[in-house]
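Chains as they are written, first to last, in our numbering: chain A, 1 to 259; chain B, 260 to 313.
We put the beta carbon where it would ideally sit given N, CA and C, even for glycine.
Worksheet for the structure shown next.
Dropping the structure here:
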């Protein structure tokens, strides 16, 4: 038998405090409070990143003005993968702790992640045509990104196909965990295989490999903007999901009372 | 107007597609949020009128 010490009790209290935020009422209160600030921060940061990247960055030696595509392509690709990992974490919380808010947050994030993946694929193809001479190649990174996109579509289709929300949350959680393999592949495919057209990572912790500061700072701003955009939309969409779940429960109660 | 040279089409199309898709998902989320709130408010009002407490 474990004898709780002061530190283990304290850490449990800390974790319990964390789980309280999974309460729908508390989530609605908190998200309602922070959403106006989140929206303002998203507009400011994303707008600043876009204006800086589009209007105030120089042409690159090898890529000319096409370098301006990185301010939309890199953040969307980064967030497409990050959104899937957020869904995996939320799905694991659902499977372990059965917190409905986490399952609904994962469901809310999927359409946003799908759009990011679509942007990354479309802008990659648009950039690849003049640079590589082709819209598409079955390159490891491109292919794993396409599979990630199909996983997003499958995830949303699975939620839509199953009537019982708890069963849908269970099955989509398993799908999210399985799909995380392709999210990892999308990120590291260029490191695993030294083949294909896609160049190495644009962002690297290695200063030698990283892009020049003149491109890096506006890119960092654009990426922060995309991240804030994602958080804002996940909050908005999770609030809608919670409301619709409540509506569904009350409609059922009304029907039972009428019967 | 920004001088983008021979890659103007690539840059404009990439930014256009991105801004269009971002606007689409933001607009869709906003419309869905409004619809969900309206439904929720209606059923809560009906429930309160019926004398429910929870």
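Legend: CB atoms of the stretch 67-85 of chain A lying less than 8 Å from CB atoms of chain B belong to residues 68, 69, 72, 73, 76. Between the alpha carbons of residue 38 of chain A and residue 288 of chain B lies a gap of roughly 15 Å. Taking a C-beta cut-off of 8 Å against chain B, the contacting residues of the stretch 113-143 of chain A are 115, 118, 119, 122, 123, 126, 127, 129, 130, listed in chain order.
With contacts defined by Cβ atoms closer than 7 Å, residue 108 of chain A and residue 214 of chain A do not form a contacting pair. In the DSSP assignment, no residue is bridged to residue 275 of chain B. In terms of Cα proximity to residue 130 of chain A, the closest of A/98, A/63, A/211, A/46 is A/63.
At least one CB atom of chain B sits nearer than 7 Å to the CB of residue 64 of chain A.
Shown in chain order are the members of the stretch 269-282 of chain B whose Cβ falls below 9 Å from a Cβ of chain A: 269, 270, 272, 273, 274, 276, 277, 278, 280, 281. Residue 304 of chain B is positioned such that its CB atom lies no closer than 7 Å to that of residue 240 of chain A.
The C-beta separation of residue 72 of chain A from residue 272 of chain B comes to about 11 Å, leaving the pair out of contact by the 8 Å criterion.
Chain B places no beta carbon closer than 7 Å to that of residue 89 of chain A, leaving this residue out of the contacts.
Put simply, the backbone Cα of residue 28 of chain A is about 32 Å away from that of residue 120 of chain A. Minimum Cα-Cα distance from residue 93 of chain A among the listed residues A/102, A/160, A/86 corresponds to A/102. As the crow flies, the alpha-carbon of residue 122 of chain A is around 34 Å from that of residue 243 of chain A. The beta-carbon of residue 292 of chain B is placed less than 7 Å from the nearest beta-carbon of chain A.
Any Cβ of chain B closer than 7 Å to the Cβ of residue 61 of chain A would place that residue at the interface, and such an atom is absent.
The C-beta of residue 286 of chain B comes no closer than 7 Å to any C-beta of chain A. When the alpha-carbon of residue 47 of chain A is set against those of A/150, A/225, A/149, A/58, the nearest one is in A/225. Of the candidates A/223, A/83, A/182, the residue whose Cα lies closest to the Cα of residue 146 of chain A is A/182. Contact note: residue 307 of chain B does not reach chain A at a C-beta cutoff of 9 Å; the least C-beta distance is about 11 Å. The three-state reading of DSSP puts residue 60 of chain A in strand, counting E and B together. Among the CB atoms of chain B, none fall inside 7 Å of the CB of residue 255 of chain A.
Counted as a single uninterrupted DSSP element, the alpha helix (DSSP H) harbouring residue 254 of chain A occupies residues 213-258.
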